[in-house]
Amino acid sequence: MEKFLSHIGTGVPLRRSNVDTDQIIPAVYLKRVTRSGFEDGLFAAWRSDPDFVLNKSEYHGGTILVAGVDFGTGSSREHAVWALQNYGFKVVISARFADIFRGNSLKGGLLTVILPQEEVEALWSAIEQDPKTSISVNLESRSVSYSGKSVGFDLDDYTRWRLMEGLDDIGLTLRHTGLVEGFESKRAKFKPKTLPVLS
Amino acid sequence: MGRTLAEKVWEDHVVRSASGEPDLLYIDLHLIHEVTSPQAFDGLRLSGRKVRRPELTLATEDHNVPTLDIEKPIADPVSRLQVDTLRKNCAEFGVRIHSLGDIEQGIVHVVGPQLGITQPGMTIVCGDSHTSTHGAFGALAFGIGTSEVEHVLATQTLPLTKPKMMAVNIEGKLKPGVTSKDIILAVIAQISTGGGQGYILEYRGSAIRELSMEARMTICNMSIEAGARAGLIAPDEITFEYIKGRPHAPQGADWDAALAYWKTLKSDADAKFDKEIYLNADELSPFVTWGTNPGQGVPLSQAVPTPESFGDEQERRAAESALVYMDLKAGTPMKEIKIDTVFLGSCTNGRIEDLRSAAAIIKGKKVASNTRMLVVPGSARVRLQAESEGLDKLFLEFGAEWRSAGCSMCLGMNPDQLKPGERSASTSNRNFEGRQGKGGRTHLVSPLVAAATAIKGTLASPADL
Ligand code: SF4
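Which chain is which? The protein sequence lines are A and B, in order. Residue numbers for the first sequence follow the working numbering, so the first one is 770 and each next one is one higher. Residue numbers for the second sequence follow the working numbering, so the first one is 8 and each next one is one higher.
Following this line, the structure appears as structure tokens:
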């Protein structure tokens, strides 16, 4: 995973709440067996509408999605994170994210930033007034800055450290293989096994 | 201080705990399907890793599979590639798989309990958000993303931060015609689709204790629609009875040891929940959704609400756009809404009890003209069981389609989809825009309401017949 220290880019205002993962990427686009190429399915149902925000030329090249509350509800598909990343987004800002989506995004290096709804509204207005507004998201200081203003956000130290170091969870866990073996040696004998296959 | 059920299961699985870091939890069972696993197996291959515990891993084919002509190769080449990839990965890494045509094939959350491999006090994960279903057995079960699938394959553990605990207390007795689907739809309407975020829900109270295992699974299944990653119910005699004798149930001395442990799995009387909510089962009636998220529901006897009735600005806007998408006018009685397609199936309501209860309503009747009904058993075994009871004949005589097992129209990844503008009454769990097919409109309902609706052609409960 790439290290994430800070990111500077322009924003895309998605004035919708409850954007579920079926909207982010519909199921028919989930059939690929690779991790790339999902940008074609991003917000597929809305992309045919010329007024949809991603279709507006002033927002082309935006890397920071600013969305309404409860972003990423619904299914566990990590394809939603890949679709956003494949399209070019580095950061998503919302007042509230669904748990699984947020977990997936932070594991995959897409930074999800939680700001109070009034700060989301302020950011929407700023971007809509001037789509070129430069937004800086800094993980070191845990803050979002734009137009001379800076707003802090919460992110636990552990996740921040992992993102800043670009560390992969599996590698971290494998350091504790001894503990896993110790746990396994004490597991109850009655716990079920899937193998050998029962006939 | 006392502990909640979820805390007990959690603590029994902690491999490593360090302050400021997530706990590392051991995973007892990892379920896999074709859609969220290919990239995870690829990751293993790239880093030269193995599946650490193939004997705690089980794969089935469900999301993509056709429900017609299952003996032929899958027609859609992209779906076929995904299913073939799963088969190849399972062969290469030594994972047990139940493929299309196999007697144990079916929706992953129907197959686990049916095999008796879902048991109390386990940690169960799957790359699918409705893994919460298995919580009905007093297991800690939740959906994970593909990176986490890879993590569990490689290490049989998962780093997780302990969620908060919410008690959902449901006391009283359900009226006839009211089901566990109505309970959970009412819970979600009460706390909203975000209300459970960051929590594990424990469903308790006299109404819950009365429910069968299948009805409990319906409730836990939809915990995720309230925003909660997991929901569970303390195991009791009904649970033990359900597991006993199933292929993977413990036997002999193991059964006794397991039972002794399972009986400790309940929240202590002095356990502290971070939040408690209450619902009176006596007052519940059949519940249906009118909007595009599962929290947008009302009793069937009521009308489509006006957006102005929502105090919250976000909710009002969401209601406005939902009415446009659903092509509904505020104030329209729910019972006047015409339905094109009735879908009976999914991991929420595709079990034998669901099929039986719907079959009892449609028996000897005919499906409404201009309405079609699709009946898709949750697993191959459910299908066989239903056929041995003659339910397939009842549905076919009624004019419904009788299909093979899979997710089918729950998410429309296979050819079972709504056409643009088509309206369904569906026993599944998500009424998101386009979920059942691009432009399709979904009303979530119980199996009883689905059956009555298929007879009348408009949203209806058995009492309206
Ligand atoms: S039936 Fe629907 S909700 Fe259940 S696993 Fe399949 S697609 Fe997911």
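All C-beta atoms in this analysis are idealised placements derived from N, C-alpha and C, irrespective of residue type, glycine included.
Of the heavy atoms belonging to the ligand SF4, at least one sits nearer than 7 Å to the Cβ of residue 114 of chain B. Look at the beta carbons and you see the segment 70 to 81 of chain B not touching the segment 178 to 192 of chain B: under three pairs across the two are nearer than 8 Å. Among the bridge pairs identified by DSSP, residue 304 of chain B is matched with B:296.
Here residue 178 of chain B is bridged, per DSSP, to B:287. Contact between residue 135 of chain B and residue 40 of chain B holds: their C-beta atoms lie close to 7 Å from each other, under 8 Å. Positions of the beta strand (DSSP E) runs, each at least 3 residues long and wholly inside the segment 800 to 837 of chain A, are given as 833 to 836 in order along the chain.
Taking the CA atoms as reference points, residue 896 of chain A sits about 19 Å from residue 819 of chain A.
Taken in chain order, the members of the segment 816 to 847 of chain A whose beta-carbon sits within less than 8 Å of a beta-carbon on chain B are 837, 838, 839, 842, 843, 844, 845, 846 and 847. Under DSSP, no beta-bridge partner is assigned to residue 120 of chain B.
For residue 135 of chain B, the distance from the CB to the nearest heavy atom of the ligand SF4 is below 7 Å.
For residue 97 of chain B, the Cβ stays outside the 7 Å cut-off from all heavy atoms of the ligand SF4.
The Cβ atoms of residue 813 of chain A and residue 798 of chain A sit closer than 8 Å to each other.
Under the rule that a run must span 3 or more residues, the beta strand (DSSP E) segments found entirely inside the segment 867 to 943 of chain A read 880 to 883, 904 to 907, 912 to 915 and 918 to 921. With a cutoff of 8 Å on beta-carbon distance, residue 229 of chain B and residue 378 of chain B are scored as not near each other. Linking residue 108 of chain B to residue 775 of chain A through their CA atoms gives a straight-line distance of about 51 Å. A residue is called buried once 16 or more other Cβ atoms fall within 10 Å of its Cβ, and residue 303 of chain B is buried on that count.
Residue 959 of chain A counts as buried, since no fewer than 16 other beta carbons sit within 10 angstroms of its beta carbon. Cβ neighbours of residue 427 of chain B within its own chain (closer than 8 Å, five residues either side excluded): 444, 445, 446 and 447. Between the beta-carbon of residue 125 of chain B and that of residue 146 of chain B there is about 6 Å, and that keeps the pair under the 8 Å contact cut. Between the segment 843 to 852 of chain A and the segment 140 to 156 of chain B, the count of Cβ pairs shorter than 8 Å is three or higher; the stretches touch.
Remark: the shortest separation between the CB of residue 436 of chain B and any heavy atom of the ligand SF4 falls under 7 Å. With 16 or more neighbouring CB atoms inside 10 Å of its own CB, residue 362 of chain B falls in the buried class. Taking a C-beta distance under 8 Å as the contact criterion, residue 351 of chain B and residue 457 of chain B qualify as a contact pair. Assignment of residue 209 of chain B by DSSP, reduced to helix, strand and coil, places it in the strand class. Per the coordinates, the alpha-carbon of residue 298 of chain B lies some 44 Å from the alpha-carbon of residue 266 of chain B. Only 926 and 927 from the segment 908 to 930 of chain A bring a Cβ to less than 7 Å from some Cβ of chain B.
Residues are counted here when their Cβ sits less than 7 Å from a Cβ of chain B; for the segment 862 to 879 of chain A these are 865, 867, 868, 869, 872, 873, 876 and 877, given in chain order. Sequence-distant Cβ neighbours of residue 373 of chain B in its own chain, meaning closer than 7 Å and more than five residues away, are 405 and 406. Residue side-chain check: residue 227 of chain B keeps its Cβ at 7 Å or more from all non-hydrogen atoms of the ligand SF4. With fewer than 16 other Cβ atoms from the protein chains shown falling within 10 Å of its own Cβ, residue 315 of chain B counts as exposed.
With a threshold of 7 Å, the Cβ atom of residue 141 of chain B does not count as near the ligand SF4, since no heavy atom of the ligand is closer than that. For residue 374 of chain B, the secondary structure class from DSSP, reduced to helix, strand or coil, is coil.
Ranked by how close their Cα comes to the Cα of residue 915 of chain A, the residues A:889, A:926 and A:880 have A:889 in first place. Residue 795 of chain A and residue 843 of chain A have their C-alpha atoms roughly 11 Å apart.
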